[in-house]
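Trainee: So the sequences go chain by chain: A and B. My numbering numbers the first residue of the first sequence as 5 and each following residue consecutively. My numbering numbers the first residue of the second sequence as 4 and each following residue consecutively.
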Amino acid sequence: MNEEQFNKFFRDKLSNYPTPVPGDMWERIQHKNKRRFFFWWFFGGILLISFATGYFVFQDHTNKYNNKDHVSSERQKTGAGNNIDSVGTGHAEKNTLLPQEKRNNEITESDTSKSSANTITTTPVSGAKVASVKSDLPRNYREQNPPYTANKNSYITKNKLPENQQQVSFETKTTWQNNTQKEADSTTANDKSHQNTTIKNDGTARITNVVPVPPAMDSSKKNMALKDTRSQKGKTIIKQKSLFITGYFSPAFAFNKFTTSNTNYPLSYLNRIYKIRFSYTAGVSIGKMFGKRFSAQTGILYTQVNMILQTIDSANFKIKGKYSNIDVPIIAGYNIGHGNFTTTIHAGMIFNLSASSHGSAVYDGNGNPVDIYKSTTGISLYFGLGFAKQLNNAINLFAEPYFIYRPSYITKPEIPFKEQIDMSGISFGLRYNF
Amino acid sequence: MTEQELIGGCKNNNTGCQKLLFDKYSGIMMTICIRYAHDLSEAEDMLQEGFIRVYKYIHQYRYEGSFEGWLKRIFVNTALKILQKKVIRFSEIDAYVESNHPEDSNPFSSLQEHEILQLISNLPTGYRVVFNMYVMEGYRHNEIAVKLGITDGTSRSQLAKAKKLLRQQIQEQQKLSNYE
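#1: State the Cα-Cα distance for the pair I340(A) and Y130(B), rounded to the nearest angstrom.
#2: Cβ of I408(A) within 8 angstroms of Cβ of S384(A)?
#3: Less than 8 angstroms between CB atoms is the rule here; does G12(B) satisfy it with respect to chain A?
#4: Quick check on the burial criterion: 16 or more other C-beta atoms within 10 angstroms. Buried or exposed for N184(B)?
#5: For chain B, check one thing: does any of its Cβ atoms lie closer than 8 angstroms to the Cβ of Y21(A)?
#6: Is the Cβ of I31(B) closer than 8 angstroms to any Cβ of chain A?
#7: Cutting at 6 angstroms between CB atoms, please list the residues of its own chain near M33(B), excluding the five before and the five after it.
#8: Could you say which of N11(A), I249(A), W30(A) lies nearest to I399(A) if we only look at CA atoms?
#9: Between F345(A) and T302(A), what straight-line distance do the alpha-carbon atoms span, to the nearest angstrom?
#10: Which complete alpha helix (DSSP H) runs does the stretch 268-300 of chain A hold, if anything under 4 residues is left out?
#11: Can you name, in chain order, every residue of its own chain whose Cβ lies under 8 angstroms from the Cβ of I50(A), other than the five neighbours on each side?
#12: Taking just the CA atoms, how far does K164(B) sit from F14(A)?
#13: Check D16(A) in the structure and name its three-state DSSP category.
#14: Which residues, in chain order, does the stretch 22-37 of chain A contribute to contact with chain B at a C-beta distance below 9 angstroms?
#15: Just checking, does the stretch 112-120 of chain B make contact with the stretch 69-87 of chain B on the three C-beta pairs under 8 angstroms criterion?
#16: Below 8 angstroms on C-beta distance, what does I119(B) contact in chain A?
#17: Does the beta-carbon distance from F78(B) to C36(B) come in below 8 angstroms?
#18: Output yes if chain A places a C-beta closer than 8 angstroms to the C-beta of P105(B); else output no.
#19: From which residue to which residue does the beta strand (DSSP E) around E423(A) run?
#20: I'd like to know if L9(B) contacts chain A, where contact means its C-beta is closer than 8 angstroms to some C-beta of that chain.
#21: Say whether chain A places a C-beta atom closer than 8 angstroms to the C-beta of E6(B).
#22: Measuring only between beta-carbons, confirm whether N260(A) sits less than 8 angstroms from chain B.
#23: Quick check: F262(A) and L271(A), are their CB atoms within less than 8 angstroms of each other?
#24: Could you name the residues of chain B that N11(A) contacts, counting a contact when the two beta carbons are closer than 7 angstroms?
#25: Answer yes or no: does any C-beta atom of chain A fall closer than 8 angstroms to that of A98(B)?
#26: Alpha carbon to alpha carbon, what distance is there between L162(B) and R170(B)?
#27: Thinking C-alpha only, which one of K59(B), D155(B), F54(B) is nearest I75(B)?
#28: I need the boundaries of the alpha helix (DSSP H) containing E8(B), first residue and last residue.
#29: Does the Cβ of S4(B) have 16 or more other Cβ atoms within 10 Å, making it buried, or fewer, making it exposed?
Shown next as structure tokens:
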């Protein structure tokens, strides 16, 4: 038989020869397809949540930050006597949280009945816009009505107002008060008679206390007062709380992979019977900031991987299994945000203290289930990207997509196959700074 | 249901059509997987992965050329992908084929398909892959070289050794059956 005949012999014999396929192959294909589908939806969901959280928190932060610039530029344009107390009060910041398209540029002048202050309510889109709005006001009006600004005693009330007044919407307050009235007013700064009322489009009213500037204070003193205020507030911001405690919980997706050096071992059988279900991690940690950017933290991390052990053949048994770990993570962080929104890149190592399992689908020669897992699994690697929003001076809320890679096998050496489990998920938690 | 309707149904993710496609072609595709795999378990993995890829990429099939040929290419590529993860060794057991045995006049005549498959499966991985690609799929040596990241010369020598080893095994099998 020459070469060509030899080739032809094999081709003719095998090209259309069908080999019997295992009876459960179709179910296996469908099952694997579903797993992939779930996997991509899971990660799509995590990414979506991460981006949405990041976007909204970042948007919030950017608006606040821009508005600080606006207040600063407005102060420069309107002269030394304006807006002395507005720095750091936070009111101007909140007003710019409104969607830009919903803001109006109306200038409404209201004479609040409770105080005799004239309130000019307008909505700035930017510092430049405000400057132009203000410049439209009659010069003598501005001279006769030096401005006063809100202090931090502002609050929002849910009182419904008459229909016609609800037309006034989306305000940023610049409060102007007649000099002739301020002496009397200044003695009762916290009295309700000094409140200006502005109305939001949902019918809620913002009541702002008006603090008059003492008439004796000339512009240079006002400037000094401004500097002092800013300086003190600046110190408050710079003074960081370097220690923090975090608590978190995470739904997680675990990926297990079987390998073996024994080529005859039926790995596909293991893949069929070990089906991973909803898993989670939870933990607490304590950390320290090193400067503004770097941090380190450690704590306790609990991980639980839930499994269903089910054969597809005639034995058809089904066991609920779980594999859990107690670990000590040591994580370094690099902070790339500022203000009340931060993004932090985390990376580190996780040292396993103990590992345990319940349920097994592997049996010894006597038919007894065998615990296939080691009692400790060594070191894992952690990678995460955290998005944190400051709720107040001490507490941050955070969400962190992460991936835990376990390079070592979690099965005992005497077991004929090896298993690795990696995990991914998104942690949600709180961080307390002290 | 025509083949075109079947393919259309699979493109629309119709599970019934996917099952029909599986029933129609799984046997032939299993033979391809066994030819490339080291053992049955590996062949089953290849078959499973191959069908998942077929359902995933069937929308790319443009009704040009034989559908069965398109399916076979998917399965061959899937098998190669799985094998390449395991690092195919192309210089295994040269000494194994050094000895020459006298050739029987027609040792192939009595061979059944499953025996031929078994003989191919017994080949070392490098031999097996090149033999399948050249003899069964009709690739040329330069194409095999590109696909597997080896030289033309390696491909040729692997094929020669594979054929020699097959002949040798067939003759030995023939001798055994003659003794029996």
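Every residue gets a Cβ at the ideal spot worked out from N, C-alpha and C, and that includes glycine. Here the structure is a predicted model, which is why all the values come from computation and not from measurement.
Mentor: This is what the structure gives:
#1: Spanning the two alpha carbons is a distance of roughly 54 angstroms.
#2: Cβ atoms of I408(A) and S384(A): closer than 8 angstroms.
#3: It does not: the Cβ of G12(B) has no partner Cβ on chain A nearer than 8 angstroms.
#4: What the structure shows of chain B is the stretch from 4 to 183, and residue 184(B) is not part of that stretch, so it cannot be assessed.
#5: Closer than 8 angstroms to the CB of Y21(A) there is at least one CB belonging to chain B.
#6: Yes, I31(B) counts as interfacial toward chain A.
#7: L50, listed in sequence order.
#8: The option with the nearest alpha carbon to I399(A) is I249(A).
#9: Roughly 22 angstroms separates the two Cα atoms.
#10: Taken in chain order, the whole alpha helix (DSSP H) runs of length 4 or more contained in the stretch 268-300 of chain A are 271-277.
#11: Hits under 8 angstroms: P405, S428, G429, I430.
#12: One Cα belongs to F14(A), the other to K164(B), and the distance between them is close to 16 angstroms.
#13: Of the three classes helix, strand and coil, the one that applies to D16(A) here is helix, per DSSP.
#14: Under the 9 angstroms Cβ criterion, the stretch 22-37 of chain A contributes P22, T23, P24, V25, P26, M29, W30, R32, I33, Q34, K36, N37.
#15: The stretch 112-120 of chain B, when compared against the stretch 69-87 of chain B, does not touch it at the 8 angstroms Cβ threshold.
#16: Below the 8 angstroms Cβ cutoff, chain A contributes F14, K17, L18 as neighbours of I119(B), in chain order.
#17: Judged by their CB atoms, F78(B) and C36(B) are nearer to each other than the 8 angstroms cut-off.
#18: Because the pLDDT of P105(B) is 49, which lies under 50, any placement of that residue in the model is unreliable, and the number read from its coordinates should be weighed accordingly. Answer no: the Cβ-Cβ gap between P105(B) and chain A never drops below 8 angstroms.
#19: Note, E423(A): beta strand (DSSP E), 422-437.
#20: Chain A, which has no Cβ nearer than 8 angstroms to the Cβ of L9(B), makes this no.
#21: With 8 angstroms as the cut-off, E6(B) does not count as an interface residue toward chain A.
#22: No - not a single Cβ of chain B is within 8 angstroms of the one on N260(A).
#23: Yes, these two residues count as a Cβ contact at 8 angstroms.
#24: The answer, in chain order, is V138.
#25: With a pLDDT of 38 at A98(B), under the threshold of 50, the modelled position of this residue cannot be trusted; read the value that follows with caution. Output row for A98(B): interface = no.
#26: Going by the C-alpha atoms only, they are around 12 angstroms apart.
#27: Residue 75(B) is actually Lys in this sequence, not Ile. Checked all of K59(B), D155(B), F54(B); the closest Cα to K75(B) is F54(B).
#28: Annotation for E8(B): the continuous alpha helix (DSSP H) segment containing it runs 6-14.
#29: The residue you asked about is not Ser; residue 4(B) is Met in the sequence shown. The residue in question, M4(B), is exposed, as its Cβ has fewer than 16 Cβ neighbours within 10 Å.
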